[in-house]
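Taken in order, the sequence shown gives residues 4 to 927; the numbers are from the working numbering. Here's the structure, in structure tokens; my notes come after.
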Amino acid sequence: MSGLITSVWIVGASVVALGLLVVTLGMQRLLRLRWRRIVSHPVGISEVPEPSQRALESVAPQLRSLGFAYLHSGVTQTAVVTEPDHAVFFQVYLHAERRVYAMVSVSPVPEPQDPCVLQFITPVSDVTFWVTMNRFRHFSPMRLPGWRVFDDYLPTWQDAYQRHLARIQTIHVLPGIDSEGLLRELHQSFSDLVPAMQKAGQLQAEAEQPHLRLTWVSALRFTAIALAGQWRARWAVRHRSRTSTPADATGTDAESAALHAQWTQRQGTASSSRTKWLVFVGSALLFLAVGSLWMSWSFVPTVLAVIALHEGGHYLAMRLTGYRNVSVFFVPGLGGLAVGEKATATPLEKLLVYLAGPVPGIALAGVAFWAANHGGWTAPPWLQEFLVASLVINYLNLLPLVPLDGGRVLETLVFARLPRLRFAFAALCCALLFGIGHWLGDGVLRVVAVLLALGLPHQWRVMQLDRATPRPAGTALDEAHALQSLLAGLQAIPSHTWSFAQRSAAVITLMPELMGRKARLWESLAGLALYAAVLCAPLGLALATLPQLGIWTSIFLPVLQVPPDDVEPERAPPTPPGQTPVDWQARLSLAASLPEADRLPLLLGAGKDAADSEDTDTALRHFKAAWAIAKNLPPRDMQRIDALEGLANVVESDAERQGLLQQIVDALSEPQGDERSRVAYAKEQLAYGDIKPAMQVTLLRDAVQLRTTMGPAHAPLLLDARRMLAHALERQADALGAEVQLRTRIDALTLPDPSDRSREALNRRVQRVSSLVDWGWFLMAHQRHAEAQQAAAEALAGLPHQITMSWVNPQQQALEAAVWAELSAPAPTALRSLWDAYDASRRSGFGAGRPVLVHEVDRAVVAQALQDKRLQAQAQRGMAEARASITRRPPLCDAPISLLHNAWRAHQHEARRRALQTSGACGP
């Protein structure tokens, strides 16, 4: 049992030690980064460099198949200063439904299956945008006002897109998205990023420096986010097999750029002296705090002083040999680290750096012991303790075991020439360290051995890359040629099965070796002789009493998510064998030689494909060519109708569109069969726009009549047509007719059996609740307060006990209607409880996280009705916070607009307007 407890302790201590080491190194890297304000501007697609364009185009076919069309290209900078400056090119696509934009940029961490980063953007108001990215949030954890970013860490970006669509179904999305406005906001967001971080206290200026740096708190927070995000990203693709084919030119270009950026970022601006001192002092205090838990508090400062002297020797040697960005920090329970950068360091310079750590401590202890033994000097007890610890700790560091200094000497002088032996040496060191630790009863050595074992897979990859990398014998390469050689090595081995992080780590490990050349034979012999002399010189036995590590780590908070719908999985329709996407361009290239009867379906198919991709010009060209053939067909021919309908969907002129739709209606008089759906669609489209109410009612009545004969009463298109007709009748002052249509919608939506878990049954339940909500608003508009309260109560009763994905928006709609039904009633009795439920649904839904002006105005209206001063004060604070992020006059400040879709909510708009004006948010 004691052996099991010891094993568990060693594994746990290893994990904690590794975590502390990774966090420390991560914070140090982040604190070194220098930030600057960036600019972004549009560019022509021809201005995008060919490698970037190839990478960006790699996802274009998949986006087009989902209904996206190219919209815009742009370029920005990295917010982190690098030398040279890296331009980041991106492209923006717009979906055919004009609800979702896709922004594509080359990934800074490309994978063969994911060379680009895709972000899906939906404007939910003039100043609010919802963004969904995938397995990338930990690389960009910054926040901008008005931009709400989601990352569900799903296996593919296609999964993230579907999650984005499901998410925006729960909110009201701006109709008719202004593309130019969004692009302006997108470019502005790049410019606002660094100022927003500075305003939020994440970045701070340095004295007499033009750039900014992260604060300590932000560096710690970003490090934690990065570590947790990397774990989530790996977990998300744990079941996805790595690609079995090497990267093509696109992947190679993306990887080359990403690896170069990683390397140059590591070689970027050095940390300031202030930052280095803060890291040194802070890590020393943490070392004292942790060490005092496991050994005498009076001995911890002695160990710290020994390690400081040891790392100080490394520090001075690095400075003397021209290393840059040199700094020292402590790792609680494990020791210290002196780090610096000099990719071109010679083998003898490395030897000097490695030996400069242990030699001063050993020499100081040796001289003191010699003086004491000869009676010339007697050290006080505290100094004797220091000298013994210095001798033991530094001598242990000379042992020929990686990662000790002696092991680094052998690795540089001997095994750098022999990659296989270097890996075998690292594996042997793990076993020897663990054995020595077990023999001495030293838990720290066993922890170090376990940590080294965790790094053996990396050593294996380094060995493979080292063996495959071409390089001139005994010649140092410059940075560009070293990186080029390593990329060639990656292509020569099955590195496509590695993650980018693994490939990057292997490349960065080997870059200094290629740029600094390997040791010549005479250098190896001379260095080994010096190392042997240093190793054999100290007298006495090594007696180690090193601290044992123990600390518990924090736990990241779980993220609350709305549960998925409880429905039976639907069977995917079988895919015909051999079916592939149609290459319309290739087929059209042969169309000129085909007869008109064969050319027409090609033109119609190509036009529809272009329209689905939002390529309006191409679609218009194809449909016009199709109409030139189809106009000679019989009036009721479906291909002729397809050409008319296609043209109507892409022409810009409203008059021309209405003329084309009217041709469909005239051609299909007394429609039969499938003709009915075409005529119904045409009449519904004709009902849009500025036409007389009577004509609108006539068109929609005909559409409803046609759809009634085509399918079940609960068909979604028929229900939508009835709702449109009810609005049109209301506009014509035919309240009774509107009531009939609304009641018919509700009656058509009979509730399915409670045991029915199909998607169709779920949709019918949701539609019934939405229909009851519409009915409630109609009743409120006509002062039928009791019936409105009853309709809202019935809608609430239709909600399930557990609110899942499809129910978030209907729940909020039903609660909103119930609140306003109470507000409209002469004597509200349940207003407080309904408001609390509605407010809670908003706080737990997808729109939570920041005040929304409309909701805060509703809070003010409710507070006024309840005469609740506390709620009123909360509303005022919320309105002020929401109003602060709006740059223009809120639409709520204007009088209600008499539009078709909000006729039943005019009283709500007026109440909100009065509340907002009372608060002073509308100005003079």
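For glycine and all other residues, C-beta sits at the position ideal for the given N, C-alpha and C.
(request) Grab the span of the beta strand (DSSP E) containing A430 for me, first residue to last. (result) Careful: A430 lies outside any beta strand (DSSP E), inside the alpha helix (DSSP H) at P422 to L443.
(request) List the residues that DSSP assigns as beta-bridge partners of M514. (result) According to DSSP, M514 bridges with nothing at all.
(request) Go ahead and pull the three-state DSSP assignment for M321. (result) helix
(message) Taking the straight line between their C-alpha atoms, what separation do you get for F426 and P403?
(response) 14 angstroms
(message) Determine whether the beta carbon atoms of L703 and L671 lie at a separation below 8 angstroms.
(response) no
(message) Here's a check: name, in chain order, each residue in its chain whose Cβ is nearer than 7 angstroms to the Cβ of R470, leaving out the five neighbours to either side.
(response) P422
(request) Report the rounded CA-to-CA distance for D933 versus Q165, giving the unit in angstroms. (result) With the chain running from 4 to 927 in the structure shown, residue 933 is simply not present.
(message) Considering only their Cβ atoms, is the gap separating S616 from G70 smaller than 8 angstroms?
(response) Annotated as proximal: G70 and S616, with beta-carbon spacing under 8 angstroms.
(message) Comparing C-alpha positions only, which one of D88, R681, V95 and A287 sits nearest to T125?
(response) For the residues D88, R681, V95 and A287, the minimum Cα distance to T125 belongs to V95.
(request) Pick out the complete beta strand (DSSP E) segments inside the region 734-772, 3 residues or longer, and give them in chain order. (result) none
(request) Could you spell out the range, first to last residue, of the alpha helix (DSSP H) harbouring A706? (result) P696 to T711
(request) Quick one: which unbroken alpha helix (DSSP H) runs of 4-plus residues sit fully inside the region 766-824? Chain order, please. (result) Taking 4 residues as the minimum length, the alpha helix (DSSP H) runs contained wholly in the region 766-824 are 788-800, in order along the chain.
(message) Let's test the definition: count the other Cβ atoms within 10 Å of the Cβ of M783 and tell me whether it reaches 16, buried, or not, exposed.
(response) buried
(message) On the criterion of 16 or more Cβ atoms from any shown chain inside 10 Å, does P473 qualify as buried, or is it exposed?
(response) exposed
(request) Kindly indicate which residue of L874, F123 and P158 has the alpha-carbon position closest to the one of Q116. (result) Considering only alpha carbons, the answer is P158.
(message) Considering only their Cβ atoms, is the gap separating A540 from G530 smaller than 8 angstroms?
(response) No; because the gap between Cβ atoms is not below 8 angstroms, this pair is not in contact.
(request) Pick helix, strand or coil for A898, following the three-state DSSP scheme. (result) Looking at A898 - three-state DSSP - the assignment turns out to be coil, as it is neither helix nor strand.
(message) Can you tell me whether V46 is helix, strand or coil according to DSSP?
(response) coil
(request) Counting only the same chain and skipping the five closest in sequence on each side, list residues whose C-beta sits under 7 angstroms from that of R767. (result) H717, L752 and P755
(message) Can you find the residues in the same chain that come closer than 7 angstroms, C-beta to C-beta, to R725, ignoring five residues on each side of it along the sequence?
(response) Answer for R725: V707, Q744, T747 and R748, listed in chain order.
(request) Measure the C-alpha to C-alpha separation of A609 and W630 and round it to an integer number of angstroms. (result) 13 angstroms
(message) Restricting to runs no shorter than 3 residues, where is the beta strand (DSSP E) found entirely within the region 134-161?
(response) 150-154
(message) Considering just the uninterrupted stretch of the beta strand (DSSP E) at L97, what are its terminal residues?
(response) A90 to H98
(message) Taking the alpha-carbon of A928 as reference, which of G410, G740, P638 and H441 has the nearest alpha-carbon?
(response) The question about residue 928 has no answer here: the residues shown for the chain are numbered 4 through 927.
(request) Would you identify the three-state DSSP class for S507, choosing helix, strand or coil? (result) helix
(message) Within the continuous beta strand (DSSP E) that includes A208, where are the two ends?
(response) Its beta strand (DSSP E) spans residues L206 to A208.
(message) Please report the distance separating the alpha-carbon of I48 from that of L606.
(response) 27 angstroms
(message) In whole angstroms, give me the CA-to-CA distance for H89 and T81.
(response) Each residue's alpha carbon lies about 6 angstroms from the other.
(request) Quick one: measure Cβ to Cβ for A287 and F389, integer angstroms, because I've assumed they're closer than 8 angstroms. (result) Not confirmed; about 16 angstroms, so no contact.
(message) Taking DSSP's pairing of strands, which residues face A105 in a bridge?
(response) Y96 and F123
(request) Would you kindly check if the distance between the Cβ of G779 and the Cβ of A798 is under 8 angstroms? (result) yes
(message) At the level of alpha carbons, what is the spacing between Q2 and E825?
(response) Shown here, the chain extends from 4 to 927; a query on residue 2 therefore has no answer.
(request) Under the assumption that I41 contacts S194 (Cβ atoms under 8 angstroms), give the Cβ distance between them as a whole number of angstroms. (result) 7 angstroms
(request) Per DSSP, which residues does E344 bridge with? Please list them. (result) R327
(message) Rounded to the nearest angstrom, what separates L74 and P813 at their Cα positions?
(response) 33 angstroms
(message) Using 8 angstroms as the cut-off, can you tell me whether the region 499-506 makes contact with the region 334-354, which would need three or more C-beta pairs spanning the two stretches below that distance?
(response) no
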